[in-house]
Structures are given as structure tokens and as C-alpha cells.
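The letter at position 437 of the sequence shown is residue 520 when you use my numbering, and the numbering goes up by one with no holes. Just below is one structure, and these are the notes that go with it.
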Amino acid sequence: MSAEGQGSRHVAVDLGASSGRVALGTVQGGRLSVEILHRFPNGGVPVRGGLYWDVLGLWREILHGLRLASGRGPVASVGVNSWAVDYGLLDDGGELLGGVHHYRSARLGGVMERVRARLGDGTIYGATGIQFLPFNTLYQLAAEPPERLARARTLLMVPDLLHFWLCGARVTERTNASTTQLFEPRTGEWAPSLLEALNLPTHFLPPIALPGTDLGELSPEVVRETGLHGTRVIAPATHDTASAVAAVPAAAGETGWAYVSSGTWSLVGVETPGPVLTDAACAANLTNEAGVNGTTRLLKNVMGLWIVQECRRAWGNPDFAALYEGAGNVPAGGPLIDPDDARFLPPGLDMPARVQASCAQTGQPVPRTPAEIVRCVLESLAHRTADVLEQLEAVQGQPIRTVHVVGGGAQNGLLNRRVADLSGRTVVAGPVEATLMGNLLVQAEASGSVPRGSVREVVRASGALTTFPPGGPVPAGERERFRELTVRRRADEVVSQD
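As C-alpha cells, then:
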């Protein structure tokens, strides 16, 4: 495969909470072109009161995508990224023990609160620097039957499990390990003391690999199934947000920027040279997750477009563009919700009713039409994003002037315009396919297809960006009204002073 001819080809498998893609990336002439070969749905499967991921179905779709890639010619490497916190447990022979639980499973009710009461927030945050979220891997393991943990020999996060099936490597890539609340961000190693304090085993924690690690060739079985020969498995930044942040198109030497990885979740953060484990970071419930090239992603998980997605499902899946167009015709200054309210976390066709109930309970006008409900949600997401940007600015002590919005939400002009207006900062939207681009370019960098340290330069050269300057209308008292709403729900975020 010559650089002058076909360029360097790499395959990214990008798994999201609602869908997955297999994409072929070609690096040539300092630019990256991305072709999505295969799309497929994803989501939780309810079984006997539990909620699971259909990992075998995902594997079938991945193999199909790889077969399509093999028809395009030689492929240098393949890598998988996905959401965080969920895992599979393997026995001695590498067989999967039971299913892979979904992070929205009802099995986690009350577990985080019990663990925090037992260990203390200072101990947990001091060891891991991770935001307290009820679905973190630490709490999932605390919810496991002891006999299942005793039988387990290896714990692999979802993308690491798929890498194991691709090539046999039993490792956890660093960016995903850092989301578990079992990872020590200062040392880059596991923090087993938390499991030990809960009388849980630690023997199943695998070695940690850096983004860009070559995990080996595809197994003979996968080669037979796909027709790919000589293809390496290279771990990208396997946490989808880490891959997206790797593709933030910040210029070399640019300072004062933050990012929003906008999709089902909104990950609002800044890139720092190391973890920030101060009392202020703990009080703000910020998370320190690993990035590429030894960086830290200081961020907060914020409910993203999930609420709109579930409302849309309840309405029979109308076109997103039509929903957003309708919302754009609803004036600002209407009802608001706290999008991080736990009531919005579980799936359900009653999501529109939940939005309406929240507005009614806070004494606001109740949105009735889909346009009014979507405007309420988007306006609230923009307010929440603006609040987190202020927290990040205060905790890191550096001004934030520009907000890079990447991912699917980069297409949502109404949301991005309102983030600019409510935060008073310039929003630069794009690329939409940041996660795929970050995945592919980390592989390409590891393969020598692009020079070290040039990933963001390639991203900037590979597509157009849209800028939203601030200056739109913000009704008087609007920001204060939103903050009053959120104060009512902070009991689960307040760090104990005991």
C-alpha cells in the first residue's frame, strides 16, 4: 500500500449507546477522509428485571463491517472505542461470564450511596479524582454477586473485550480505565485499595495499555471471517470521549479553550497536563480522566441529548431536523429543567411526561407541544453547559474564551448558538465525526502514517468548522432562574464534609 497511491487505511469501530459504526479512514496528503461502511443499532436489552448490552450482536455487526473493509483493499489497523464504565468478566478460559450489564440498570439503585457512606468521599476522590456517578465501575462491582467475582479471572471494559475477541490481548486501555473510579490518575495505575476496602477481589484487574499500543495481529479465526490479512489491532483512546477530544481542532499553542463532546451525553471539559485533585475540584464534582499523550481531561459528565432522544422515541421517531426547527420557533425565556436530575436517567416512553412534571413541580408553565418540550430541554442543556464552563474556569484558574463542540451535537445549531449566548464565549462546532477521527488518527500515528503530534493539524485540514459568536438574547434573570432550579437537586452531588 503506497502513500502515493491508496494512502494508509485504518478501520475504526465506534460504539455508542444507541448506535454503532464501522468506518474506513484513509490518510493521504496530510488529510483524513472517512467513509462509514456499516451502521447498526445498539441499546439496552431488558432480561428478567435487568438491563444488558447485546455484545454478541455487536460482535456480529463488527465482523460484517470488517468484511466490507476488506473489500476496499489492505487495511493497516483496526481499533475499537465505546462508552465507558461497563465491562465483561472472563473466566480462566477466556469465556464471558454472564452478560454485560448496562449502566442504566436498576441493579445499581442505592449502591453508590452505600459505598460513599462506607469509604468516605475524601478517600474515594483522593484516590481517583473521578466524578461521583451512580453507574461508575466501582459501584457496579459492588453490586455484583460475590460468586461471579470469585469466578472471574479478567475484567475487560467493553472495547477491551472486543479487542480480546479480535486478537487475544487481555489489557485495558488507559483512557477507559480512568473512567472506572478504580484508577489512580497520578500514577496511571489501578487503585485496588478501594476494592480491598469493600472486601472485593482485585485479581481480575488486567495490565493497562496506553493509547496507540499495538495489541497484535487479528486472530486466524477473525482473518477467516473477514478476509483481512496483515491487519494489526491498535488500541485507540478507547473511551469515545477521549477519542473525540484527541480530534478537537485546537491550533498548536492555542490556549483558553474548552471542549464539549456533545451527543447522548455532554462531556464538558478542559485539557490539562495532569490531574487536578484540589478541594475545589472535589467540591465541584469534576472528573479527571486520562487523555492521549499523557494529558488529563478535567471534565464533568452532563446529561446530553439523551432526553431529546427518548422524547423523540415516545413521539414515534419524527425527524430530528424537524424537531429542532420547531424548537427554534419557540422563544427563549420559557420553562427550564435541571437536565442532570436523576429522574431523566432511566429510559422510558414517559420522558416527555417527566419533563412536564419537572416544570409543573417547580411552578413553571408546562410545555405542551414537542417543539416546546425540545426547546425547554435544549435551553436547559445550554444553561448547564454554561455553568460547568464557569466551574472549570474557576477550578483551573485560567480563562476560557473558546468552546470547541465536537460530535453529533456539533450539528445542532440552536443548541450551539445558545451555549455561546448563555456562556458569553465563542463556540466553534465541528468536526461531527470527532470520535471516529480521533480513533483513526491515533491508530495512524502509531502506525507511522502521520507524524507524532500532528493529529489535530490533520483534523483542521480535513473539514470545515462553524463559528457561533455570543450575543443572542438572554432574558433578564434567566441565568439566576436556572441556578435556583439546580440548587434544589444538589443533595446527591454535594460532597460530604463529615
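Cβ atoms here follow ideal geometry from the backbone N, Cα and C, with glycine treated the same way. Computed from a predicted model, the values in this text were never measured in an experiment.
Report all residues from its chain with a CB closer than 7 Å to the CB of residue i; omit the five preceding and five following residues, and keep chain order.
i: Thr-263; result: Val-168, Asn-219, Thr-220 and Leu-221
i: Ala-465; result: Leu-498, Arg-501, Val-502 and Leu-505
i: Leu-69; result: The displayed coordinates of the chain run from 84 to 581. Any statement about residue 69 would go beyond what the structure contains.
i: Pro-558; result: Ala-415 and Gly-416
i: Thr-610; result: This structure leaves residue 610 out entirely; the chain is present only between 84 and 581.
i: Glu-279; result: Thr-285
i: Thr-549; result: Ala-512 and Gly-513
i: Gln-214; result: Asn-368, Leu-369, Thr-370, Lys-383 and Asn-384
Can you list, in chain order, the residues of its chain whose CB lies under 6 Å from that of residue i, leaving out five sequence neighbours each side?
i: Leu-245; result: Val-163
i: Ile-317; result: Ser-160, Gly-162, Asp-297, Gln-526 and Ala-529
i: Leu-523; result: His-93, Ala-95 and Gly-108
i: Glu-576; result: In this prediction, Glu-576 scores a pLDDT of 42, lower than 50, which makes its location untrustworthy; no coordinate-derived value is stated.
i: Pro-268; result: Gly-212, Pro-358 and Asn-371
i: Gly-411; result: Leu-497
i: Ala-517; result: Ala-327, Ala-330, Val-489 and Gly-490
i: Asp-175; result: Arg-236
i: Gly-546; result: Pro-514
i: Ile-145; result: Val-96
i: Pro-124; result: Ser-102
i: Arg-104; result: Asp-97, Ile-119 and Arg-122
i: Ser-532; result: Ser-91 and Val-110
i: Glu-308; result: Leu-146
May I ask you to report which of helix, strand or coil DSSP gives residue i?
i: Gly-108; result: strand
i: Trp-348; result: strand
i: Asp-97; result: strand
i: Asn-400; result: coil
i: Leu-472; result: helix
i: Thr-378; result: coil
i: Pro-242; result: helix
i: Asn-384; result: strand
i: Leu-139; result: helix
i: Leu-360; result: coil
i: Glu-118; result: strand
i: Val-533; result: coil
i: Val-538; result: helix
i: Val-478; result: helix
i: Val-557; result: coil
i: Arg-253; result: coil
i: Glu-516; result: coil
i: Ala-367; result: coil
i: Pro-229; result: helix
i: Gly-521; result: helix
i: Gly-546; result: coil
i: Asn-499; result: helix
To which residues does DSSP link residue i through a beta bridge?
i: Pro-129; result: Leu-134
i: Ala-373; result: Thr-379
i: Pro-552; result: DSSP lists no partner for Pro-552.
i: Gly-103; result: Leu-98 and Phe-123
i: Thr-258; result: Thr-258 pairs with nothing; no bridge assigned.
i: Arg-92; result: Thr-109
i: Glu-354; result: Arg-380
i: Leu-487; result: The question names Leu, yet the displayed sequence has His at residue 487. Bridge partners of His-487: Tyr-342 and Val-511.
i: Thr-569; result: Partner(s): none; Thr-569 has no beta bridge.
i: Gly-237; result: Per the sequence presented here, residue 237 reads as Thr, with Gly not at that position. Answer is Leu-173, bridged to Thr-237.
Short of 8 Å in beta carbon distance, which residues of its chain neighbour residue i, apart from the five on each side in sequence? Order them along the chain.
i: Val-478; result: Val-359, Thr-361, Ala-363, Ala-364, Ala-367, Leu-369 and Leu-381
i: Val-385; result: Trp-348, Ser-349, Leu-350, Val-351, Pro-422, Asp-423, Leu-464, Arg-467, Thr-468 and Val-471
i: Gly-335; result: Reading off the sequence, residue 335 comes out as Ala, not Gly. Hits under 8 Å: Arg-539 and Glu-540.
i: Gln-444; result: none
i: Val-198; result: Ile-207, Leu-221, Tyr-222, Ala-225 and Leu-281
Since residue i contacts residue j with CB under 8 Å, what's their CB separation in whole angstroms?
i: Val-542; j: Ala-327; result: Contact doesn't hold; Cβ gap of about 11 Å is too wide.
i: Leu-277; j: Leu-202; result: 7 Å
i: Ala-106; j: Leu-519; result: 5 Å
i: His-185; j: Leu-115; result: Actually they are not in contact, since the Cβ atoms of His-185 and Leu-115 sit about 32 Å apart, beyond 8 Å.
i: Gly-346; j: Gly-156; result: Contact doesn't hold; Cβ gap of about 31 Å is too wide.
i: Ser-165; j: Asp-402; result: The Cβ separation is near 27 Å, so there is no contact.
i: Ala-274; j: Ala-210; result: 5 Å
i: Thr-379; j: Thr-355; result: 5 Å
i: Pro-450; j: Gln-439; result: 6 Å
Just to confirm, does residue i get its C-beta within under 8 Å of one of the non-hydrogen atoms of the ligand MN?
i: Arg-269; result: As presented, the structure is devoid of all ligands, the ligand MN included, so that no description of it is given.
Would you say residue i lies against chain D (beta-carbon separation less than 9 Å)?
i: Leu-107; result: The chain labelled as chain D is not found in the depicted structure, where only one protein chain is given.
Write down every uninterrupted run of the beta strand (DSSP E) in the segment 148–225 whose length is 3 residues or greater and which is fully enclosed by it, in chain order.
160–164 and 170–173
Length-filtered (3 minimum) beta strand (DSSP E) runs lying within the segment 262–345:
297–300, 315–317 and 340–345
Could you tell me which whole beta strand (DSSP E) segments of length 3 or greater appear in the segment 387–464?
none
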